Amino acid sequence: MYITPIQEIFTGNCKDNCVNIRGWVYRKRTSKKTIFLLIRDATGIIQTTSKKGTEAWKEAGKITIESSLKLSGTVKEDERAPGGYEITTSKIDIIGLSETFPIGKDQSEEFIRDIRHLWLRSRKMNLIMRIRSEVLRFMHTFFRERGFIEISPPMFITSACEGGATLFRTKYFDRDLYLTQSAQLYSEILIYSLEKIYTCAPSFRAEKSRTIRHLTEYWHIEPEWAFADMDDVMKIEEELVSYVCQETAEVCRRELEELGIDPKKLLQIRPPFPRITYKEAIERLHRKGFKVSWGEDMGYDEEKALAEDFNRPFFVHDYPKEIKAFYCKTYRDRPEIAMSVDLLVPRVGEITTGGAREDDRDELIKRIRESGLREEDYDWYIDMRRYGSVPHVGFGLGVERLLMWMLELDNIIDAIPFPRSIRRSYP
Ligand code: ATP
Ligand code: MG
Numbered sequence: 000m001y002i003t004p005i006q007e008i009f010t011g012n013c014k015d016n017c018v019n020i021r022g023w024v025y026r027k028r029t030s031k032k033t034i035f036l037l038i039r040d041a042t043g044i045i046q047t048t049s050k051k052g053t054e055a056w057k058e059a060g061k062i063t064i065e066s067s068l069k070l071s072g073t074v075k076e077d078e079r080a081p082g083g084y085e086i087t088t089s090k091i092d093i094i095g096l097s098e099t100f101p102i103g104k105d106q107s108e109e110f111i112r113d114i115r116h117l118w119l120r121s122r123k124m125n126l127i128m129r130i131r132s133e134v135l136r137f138m139h140t141f142f143r144e145r146g147f148i149e150i151s152p153p154m155f156i157t158s159a160c161e162g163g164a165t166l167f168r169t170k171y172f173d174r175d176l177y178l179t180q181s182a183q184l185y186s187e188i189l190i191y192s193l194e195k196i197y198t199c200a201p202s203f204r205a206e207k208s209r210t211i212r213h214l215t216e217y218w219h220i221e222p223e224w225a226f227a228d229m230d231d232v233m234k235i236e237e238e239l240v241s242y243v244c245q246e247t248a249e250v251c252r253r254e255l256e257e258l259g260i261d262p263k264k265l266l267q268i269r270p271p272f273p274r275i276t277y278k279e280a281i282e283r284l285h286r287k288g289f290k291v292s293w294g295e296d297m298g299y300d301e302e303k304a305l306a307e308d309f310n311r312p313f314f315v316h317d318y319p320k321e322i323k324a325f326y327c328k329t330y331r332d333r334p335e336i337a338m339s340v341d342l343l344v345p346r347v348g349e350i351t352t353g354g355a356r357e358d359d360r361d362e363l364i365k366r367i368r369e370s371g372l373r374e375e376d377y378d379w380y381i382d383m384r385r386y387g388s389v390p391h392v393g394f395g396l397g398v399e400r401l402l403m404w405m406l407e408l409d410n411i412i413d414a415i416p417f418p419r420s421i422r423r424s425y426p
């Protein structure tokens with residue numbers, strides 16, 4: 000028996016045909032002569048009607064919200080129905096009768112988070128998860144079309160990439176290891192063989208403060224490639240973000256519109272993105288009344304305020320080396336400045352950090368020492384600079400930060416099915 004995906008009915012091709020659908024009861028309303036069941040499957044939601052006196056009416060009467068069922072009936076065009084089509088039911092087979100579903104209208108945010116395993120059935124989460132899947136696909140396509148090879152980095156690591164404060168330590172047999180914060184140091188190994196690589200993997204950060212843009216486990220897209228400079232980093236980043244926005248606007252038009260997002264907004268995202276230096280960013284912030292001084296890192300409030308000037312993605316580059324990681328290359332004629340660049344977007348702030356990596360062995364050792372790290376923890380990383388070192392660059396993009404911006408989400412937790420934060424690791 001052919002099961003029609005609900006979305007297919009809205010193409011108009013099933014008009015006046017008898018169809019079989021399968022799914023769950025989304026809403027139920029009973030009038031004197033008709034029971035209206037809204038049925039959802041993975042692809043969409045359709046209204047069905049069961050008339051009084053029929054077999055279908057009896058089954059529809061018993062059925063509860065979120066019960067699973069198979070339903071047969073005739074597709075009718077009806078402008079009063081959501082989407083313009085409905086099904087006149089001839090037969091209902093209840094598959095799994097649902098107990099009273101705990102999610103109704105006006106539930107608190109906390110409650111919704113406690114029952115995430117049920118909330119993920121909501122239309123909103125269904126749409127976001129579909130778009131997330133497509134956004135990941137677009138990113139893979141983007142890199143593959145440009146000759147980047149995907150590699151799989153380790154999750155257990157021995158030394159920090161982004162600093163000790165947010166490292167998760169974990170028992171590993173008789174010793175301690177850490178959960179990875181970034182694939183970068185390992186990715187750098189592979190460029191000596193594959194030249195252009197990228198990873199799509201989780202990163203773990205022990206973020207102790209609660210914010211709307213930090214998770215303790217997030218998905219990280221990290222390309223790394225050889226024989227390239229700062230300009231190459233910014234070019235690839237703006238091309239990537241623009242490509243993902245364009246494709247999403249085209250391919251996910253229906254999902255975006257149902258979420259209340261105008262696809263035109265994403266279609267407007269095109270290269271080049273404005274570029275300002277850290278120095279200019281500080282000057283702009285001073286004019287806005289912020290007290291941040293040269294050498295200080297920008298926080299969320301500063302990033303948001305700065306983004307108001309642009310109202311689109313933009314780059315901030317050339318940071319003081321003190322606020323950037325030890326592996327950042329510095330300008331030979333300006334040793335206090337790191338070749339590091341962040342991509343910022345309105346409302347969310349930073350969505351990527353990237354730049355050139357120190358490729359000179361002696362400089363690298365100097366930077367490791369200056370940063371208060373132990374040289375012996377980075378033996379293999381330093382070793383790579385001894386055998387045919389090359390200028391190379393890379394960046395890291397937080398998938399959920401990107402989605403949070405594209406889909407105008409209030410909180411990063413809705414960009415991932417099972418968000419982890421300092422307070423939450425359930426379900
Ligand atoms: P922030 O300053 O916003 O905490 P960061 O500079 O520490 O971020 P990076 O080490 O530069 O983060 O990581 C690269 C990218 O990974 C960031 O630009 C961001 O998109 C994403 N990212 C970093 N930390 C988190 C997190 N805790 N949750 C979600 N995404 C994150
Ligand atoms: Mg950063």
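In numbering that gives the first Met the number 0, the protein residues as written are 0 to 426. Yeah, the Cβ is synthetic: ideal placement off N, Cα and C, and Gly gets one too. Note that the structure is a prediction, hence the values are computed from the model and not measured.
Determine the extent of the alpha helix (DSSP H) in which residue i is found, giving its start and end residues.
i: L36; result: It is not in any alpha helix (DSSP H) - L36 instead sits in the beta strand (DSSP E) that spans T33 to R39.
i: I102; result: Per DSSP, I102 belongs to no alpha helix (DSSP H) and is neither H nor E.
i: R333; result: R333 -> not in any alpha helix (DSSP H); beta strand (DSSP E) instead, spanning R333 to V344.
With a threshold of 6 Å, establish whether the CB of residue i neighbours any heavy atom of the ligand ATP.
i: T198; result: no
i: H316; result: no
i: E223; result: no
i: R204; result: yes
i: G72; result: no
i: H213; result: yes
i: Y326; result: no
i: G397; result: yes
i: R242; result: For the sequence presented, residue 242 should be read as Tyr rather than Arg. Checking every heavy atom of the ligand ATP against the Cβ of Y242, none is found closer than 6 Å.
i: Y217; result: yes
i: R400; result: yes
i: E321; result: no
i: E161; result: yes
i: E349; result: yes
Alpha carbon to alpha carbon, how far is residue j from residue i? Give it in angstroms, no decimals.
i: G348; j: K170; result: 35 Å
i: M403; j: I111; result: 19 Å
i: M138; j: C251; result: 15 Å
i: I20; j: R115; result: 26 Å
i: E187; j: L193; result: 10 Å
i: T99; j: E65; result: 8 Å
i: T276; j: A227; result: 20 Å
i: F167; j: G60; result: 53 Å
i: D472; j: I211; result: No statement about residue 472 is possible, as the shown extent of the chain runs from 0 to 426 and does not include it.
i: A248; j: E254; result: 9 Å
Quick one: is the Cβ of residue i within less than 6 Å of any heavy atom of the ligand MG?
i: T352; result: yes
Looking at C-alpha atoms only, which residue of the options is the closest neighbour of residue i?
i: V240; options: F325, T210, L126 and F141; result: F141
i: E362; options: T87, T329 and Y425; result: T329
i: E153; options: Q183, G163 and R145; result: Sequence check: residue 153 is Pro here, not Glu. P153 has its Cα closest to that of Q183, out of Q183, G163 and R145.
i: M0; options: A41, K31 and L70; result: L70
i: W224; options: A164, R145 and D300; result: R145
i: L428; options: R331, K320 and L342; result: What is shown of the chain runs 0 to 426, which leaves residue 428 out entirely.
i: E335; options: T351, L178, E369 and R286; result: E369
i: Y185; options: G393, S121 and N310; result: G393
i: P312; options: E282, T210 and V340; result: V340
i: I44; options: G52, E7 and L266; result: E7
i: R28; options: R400, S49 and K320; result: S49
i: K57; options: F172, H316, T47 and I34; result: I34
Over the uninterrupted beta strand (DSSP E) stretch that includes residue i, give me the two end residues.
i: N19; result: C17 to T29
i: L178; result: R174 to L178
i: F141; result: Unbroken run through F141 is the alpha helix (DSSP H), R122 to E144; no beta strand (DSSP E).
i: W224; result: E216 to A225
i: G353; result: G348 to A355
i: I92; result: One point to set straight first is that residue 92 is Asp, not Ile, in the sequence displayed. Element bounds for D92: Y84 to G95.
i: E194; result: Looking at the DSSP string, E194 is not in any beta strand (DSSP E), and its letter there is neither H nor E.
i: I412; result: I412 -> no beta strand (DSSP E), and no H or E assigned at all.
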